Amino acid sequence: MTTPDDIGSLKLFSRRVVLADRETAATVVVEDGIIVAVETDHQRDDAVDLGDDLLIPGLVELHTDHLEPHYQPRPKVHWDPLSAVFAYDAQIASSGITTVFDSLRIGSDDDRPTTADGLLDLSEAIEMAKGTGLLRSDHHTHLRCEIPSRGVVEEAESYLARFDVRLMSLMDHTPGQRQFRDEEKLRTYYRGKTGLSEADLDQLFANRRARAAEIGEPNKRGLVALAHRAGIALASHDDTFEDHVAESVADRVSIAEFPTTVEAARASHAAGISVLMGAPNVVRGGSHSGNVSAVDLAAAGVLDILSSDYVPISLIHGAFGLRDVPAVGGLAGAIQTVTLKPALATGMTDRGEIAATKRADLVRVAMVGTQPVVREVWRTGRRIA
Ligand SMILES: [Fe+2]
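Those letters in the sequence shown? Residues 15 to 399, by this note's numbering.
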């Protein structure tokens with residue numbers, strides 16, 4: 015039995031502790047939620063022996079949409095938002111994620127109405143859940159802003175006045191641009207989703223292009239200014255050309271989410287902007303929208319961060335999937351893409367590696383063949399999964 019005095023304090027020994035730069039046998043000593051010592055090549059008698067299992071830092075997830083299917087499990091069905099938040103949190107924690115940026119969208123890209131009402135319900139539920147002290151992972155907000163939407167700057171401004179936001183991303187899903195520069199891919203997506211005729215789609219796409227030409231630039235300027243005024247980290251989204259990266263540099267963007275080409279990823283990485291790709295892209299062996307493969311970017315040495323995007327468990331699977339890519343730096347380098355690098359890109363210097371003075375966010379991983387299985391998870395030394 016754990017007594018209140020034990021909470022946040024423990025000693026774990028693993029033959030495979032993954033440090034930031036290497037794998038080693040070590041005893042990790044935790045007091046009051048903080049790692050106080052990493053005794054390499056030493057097994058303390060009073061430490062819990064993890065056998066053949068690995069010990070890695072708790073994962074840091076910057077972009078997950080996975081709250082959405084918990085809140086809206088069917089197109090017209092809304093689940094109780096507080097129940098959705100707790101169920102989602104449990105899945106996040108059991109995927110080894112100890113710090114999560116819940117992605118919430120504002121603005122519309124026409125495949126769904128503006129999320130304003132659901133957004134506020136969910137945001138209030140997250141706040142309420144945090145207030146109970148019962149959430150397993152450490153939750154922050156990533157506000158995803160669709161630039162060419164009417165009123166998006168005002169919507170973001172009133173959101174920031176009510177809720178704490180740590181990351182804002184700037185998206186533009188206009189047909190013929192970025193993620194959908196091959197317009198046919200967007201047509202296929204809409205055909206499947208809406209059943210609109212070709213003539214209706216022509217009209218819809220023409221409307222969206224006209225709206226982007228009219229309000230895209232002023233909205234972008236407004237959102238960038240808002241983020242800088244509030245001291246919030248900025249991410250660009252679906253960068254395709256070097257011009258997009260030049261814009262990001264001018265806008266002081268720190269993360270490039272899902273660049274669609276090697277050129278854009280290379281330019282971002284060279285400019286010191288962290289390149290984030292979807293872990294499902296690694297696991298599935300390519301992009302679902304036909305864009306650049308994350309493994310190719312890793313091989314080119316320009317992939318910095320993985321994100322689980324829409325499948326929480328993909329984060330750990332994606333990281334392990336990168337360990338044999340030569341430019342990544344072995345398992346330690348692969349694990350950095352889901353721990354230290356996303357932490358640093360969002361200004362969190364207190365976590366993301368197993369080292370003295372860091373938060374004791376830890377994951378015990380068993381290997382089943384080549385598959386990592388999350389066996390135990392601690393956040394600040396407390397067992398959460
Ligand atoms: Fe996108």
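Cβ atoms here follow ideal geometry from the backbone N, Cα and C, with glycine treated the same way. Predicted model, so just to flag it, every value in this text is computed and none were measured.
| Asked | Found |
| --- | --- |
| Any residue with its C-beta under 5 Å from a non-hydrogen atom of ligand 1 counts. Can you list them all in chain order? | GLN193, ASP252 |
| Closest Cβ-Cβ distance between TRP93 and chain B: below 8 Å? | The question asks about chain B, but that chain is absent: this structure has only one protein chain. |
| Note the first and the last residue of the continuous alpha helix (DSSP H) segment covering PRO83. | 81 to 85 |
| Would you kindly report the start and end of the unbroken alpha helix (DSSP H) that includes ILE349? | 344 to 350 |
| Among the candidates VAL339, GLU53, SER321, GLY332, whose CA atom is the shortest distance from the CA of ALA314? | VAL339 |
| Considering GLU75, what are the terminal residues of the beta strand (DSSP E) in which it resides? | 73 to 78 |
| DSSP on LEU118, reduced to helix/strand/coil? | strand |
| If you follow the alpha helix (DSSP H) that HIS302 is part of, which residue opens it and which one closes it? | Here HIS302 belongs to no alpha helix (DSSP H), and DSSP marks it neither H nor E. |
| Is the stretch 362 to 371 in contact with the stretch 59 to 66, if contact means three or more CB pairs nearer than 8 Å? | no |
| Considering only residues of the same chain and omitting the five flanking positions on each side of THR112, which have a CB-CB separation below 6 Å? | GLY72, SER151, ASP375, ARG393 |
| Let me check understanding here. Comparing Cα to Cα, which of VAL306, ILE287, SER288 lies closest to VAL296? | VAL306 |
| Go through its chain and collect everything with a Cβ distance to ALA4's Cβ below 6 Å, but skip five positions before and after it. | For residue 4 there is no data in the structure shown, the boundaries of the chain being 15 and 399. |
| Counting Cβ pairs closer than 8 Å, one from the stretch 348 to 360 and one from the stretch 69 to 83, do we hit at least three? | yes |
| What is the residue span of the beta strand (DSSP E) that ARG158 lies within? | 152 to 160 |
| Please report the residue range of the beta strand (DSSP E) in which GLY236 lies. | Careful: GLY236 lies outside any beta strand (DSSP E), inside the alpha helix (DSSP H) at 212 to 244. |
| Just to confirm my understanding: we take GLN57, look at its own chain, exclude 5 residues before and 5 after, and list those with CB closer than 8 Å. What are they? | PHE27, ALA39, THR41, ASP63 |
| According to DSSP, which residues form a beta bridge with PRO386? | MET381 |
| With a threshold of 16 other CB atoms inside 10 Å of the CB of MET291, please say whether the residue is buried or exposed. | buried |
| Take PRO386 and list the residues in its own chain whose beta-carbon comes closer than 6 Å to its own, dropping the five residues that flank it on each side. | ILE330, PHE334, VAL379 |
| How many Å lie between LEU184 and ARG29 at the Cα? | 43 Å |
| With three or more beta-carbon pairs closer than 8 Å as the criterion, would you say the stretch 171 to 183 touches the stretch 229 to 243? | yes |
| Whole angstroms are fine: how far does the CA of VAL50 sit from the CA of TYR324? | 35 Å |
| Compute the distance between the beta-carbons of GLY110 and VAL342, then report whether it is under 8 Å. | no |
| Quick check on this structure: which residue in ILE229, SER268, HIS258, ARG223 has the alpha carbon closest to the alpha carbon of GLY245? | SER268 |
| What does PHE27 pair with, by DSSP beta-bridge criteria? | THR41, ASP63 |
| What is the residue span of the beta strand (DSSP E) that ALA249 lies within? | 247 to 251 |
| If you reduce the DSSP assignment to three classes, tell me which class THR128 lands in. | Bear in mind that the predicted position of THR128 carries a pLDDT of just 49, short of 50, making it unreliable; the figure below should be weighed with that in mind. Residue state, collapsed to three classes: coil. |
| Determine, using beta-carbon pairs with one atom in the stretch 270 to 286 and one in the stretch 216 to 225, whether at least three such pairs fall under 8 Å. | no |
| Report the three-state DSSP secondary structure of SER183 (helix, strand or coil). | strand |
| Please determine, among LEU24, PRO89, GLU37, the residue with the shortest C-alpha to C-alpha distance to ALA346. | GLU37 |
| List the endpoints of the continuous beta strand (DSSP E) containing GLU367. | First-last for GLU367: undefined, no H or E at that position. |
| Count the other CB atoms, across all protein chains shown, that sit within 10 Å of the CB of ALA224; report buried if there are 16 or more and exposed otherwise. | exposed |
| Which two residues bound the contiguous beta strand (DSSP E) that contains VAL52? | 48 to 54 |
| Note the first and the last residue of the continuous beta strand (DSSP E) segment covering ALA270. | 269 to 271 |
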